[in-house]
């Protein structure tokens, strides 16, 4: 690969029009263009103004999709002889039209890579999972603007539209493809099971699949509409003005306040009810990784005032790998999963406006029991998963009201 130098400036656009320019010198700067429409504001916390935005660190909305973990390491290997790693370079390479959310980032002299779509059935049926994922990395690594530490890629796939009126039989949809590693065996199965529980409980989730060899978890993106247009997305770290490395700071109560602040009345009650379900389910399945970046808001554009909670994603049982794992954020001042059982009721009533949180817990427990029964053989493939899900179920099955 020829030498690629980190760009000093990046043009930022949205589906509603050109927004402005991101620059890096001694600090990071963002300037809105003189003719940028209000609908092209880059995020909920950076309204259009004449004065430029300045920060020592990269602005959180641009940090949101910076590669982490496996993807970042693969980029380091790919670019080791080409350039030093730099946030502006990572944004220019991976922040084009495919990145999560509605921002489109383009730098001079760095052209976006064309990407051919792959049939969804091929992703799900292929048996040589390691060879396939390495092949996907070679093809799609430089268009993967997505955070998270596990091996994952963003790629376009041809999916069956089911003969819907006005739609072709096949259409291109963006998918998130994840695989596991030796450190966390059975992670695709783990996520599939937990997402099945969420879906059974009535929590909104994207369409998702497990490959035939159980080595890949494939999820349809929820920030794209049927016509391919982009929705805005911001995770809770961005809304709090925090960097990606601060995703474990804060409390579930503070996130509830953010939802109440940013979601307008028509969406607020449903968003808080869904949020309670997601937090409660994370406590029940032993998910110690429900951090700030694993909750987010969707909207058309900031000016539309239509922010609502995104579908649930990244739900896994972490205690099957780390028996003594704790909550990612505090609940009633504690990160203890054991304490979460009595605390969750007060959290639901006081912070999420749930009149009868016991009823919600009962619905989640019923969904958990049904899914564990339906997927018993699949669950047994992951060491300790059956034990940990059973332990969480028993902990919450007969939850009682406190004082």
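Residue numbers (our numbering): -1 to 401.
All residues carry an ideal CB built from backbone N, CA and C; glycine is no exception.
Since we're looking at a predicted model, the values are computed, not measured.
C-beta atoms of residue i and residue j nearer than 8 Å
i, j, result
"residue 325", "residue 333", "yes"
"residue 187", "residue 173", "no"
"residue 230", "residue 297", "yes"
"residue 92", "residue 58", "no"
"residue 307", "residue 352", "no"
"residue 108", "residue 5", "yes"
"residue 295", "residue 232", "yes"
Neighbour-count burial assignment, residue i, 16 or more Cβ in a 10 Å radius
i, result
"residue 45", "exposed"
"residue 348", "exposed"
"residue 143", "buried"
"residue 162", "Below a pLDDT of 50, predicted positions are generally treated as unreliable, and residue 162, at 48, falls in that range; the measurement from the model is reported next regardless. Flag for residue 162 reads exposed."
"residue 292", "buried"
"residue 264", "exposed"
"residue 216", "buried"
"residue 285", "buried"
"residue 390", "buried"
"residue 71", "exposed"
"residue 380", "buried"
"residue 23", "exposed"
Range of the contiguous alpha helix (DSSP H) that encloses residue i
i, result
"residue 349", "338 to 350"
"residue 26", "Counting along the chain, residue 26 falls outside any alpha helix (DSSP H), though it belongs to the beta strand (DSSP E) covering 26 to 30."
"residue 253", "250 to 260"
"residue 46", "First-last for residue 46: undefined, no H or E at that position."
"residue 408", "The structure shown has nothing for residue 408, since the chain only spans -1 to 401."
"residue 2", "Run containing residue 2: none; DSSP gives neither H nor E here."
One or two residues paired with residue i in a DSSP bridge
i, result
"residue 200", "BP columns for residue 200 are empty, so no partner."
"residue 175", "151 and 216"
"residue 306", "296"
"residue 51", "28"
"residue 37", "Beta-bridge pairing links residue 37 to no other residue."
"residue 232", "295"
"residue 74", "Note: residue 74 sits in no beta bridge, so no partner."
"residue 332", "329"
"residue 108", "105"
First through last residue of the beta strand (DSSP E) which encompasses residue i
i, result
"residue 431", "Missing from the structure shown is residue 431; the chain here goes from -1 to 401 and no further."
"residue 10", "7 to 12"
"residue 17", "15 to 22"
"residue 87", "That residue, residue 87, is in no beta strand (DSSP E); its alpha helix (DSSP H) goes 85 to 92."
"residue 265", "Element bounds for residue 265: not the beta strand (DSSP E) but the alpha helix (DSSP H), 263 to 283."
"residue 208", "206 to 208"
Straight-line gap, residue i to residue j (C-alpha atoms, nearest Å)
i, j, result
"residue 78", "residue 363", "49 Å"
"residue 376", "residue 385", "13 Å"
"residue 48", "residue 32", "8 Å"
"residue 227", "residue 13", "7 Å"
"residue 310", "residue 26", "32 Å"
"residue 86", "residue 153", "22 Å"
"residue 329", "residue 355", "15 Å"
"residue 90", "residue 9", "9 Å"
"residue 185", "residue 318", "10 Å"
"residue 275", "residue 281", "10 Å"
"residue 409", "residue 147", "In the structure displayed, the chain extends from -1 to 401; residue 409 sits before or after that span and is not available."
"residue 200", "residue 359", "12 Å"
"residue 11", "residue 38", "7 Å"
"residue 119", "residue 189", "20 Å"
"residue 288", "residue 300", "25 Å"
"residue 235", "residue 63", "12 Å"
"residue 387", "residue 315", "8 Å"
"residue 266", "residue 312", "22 Å"
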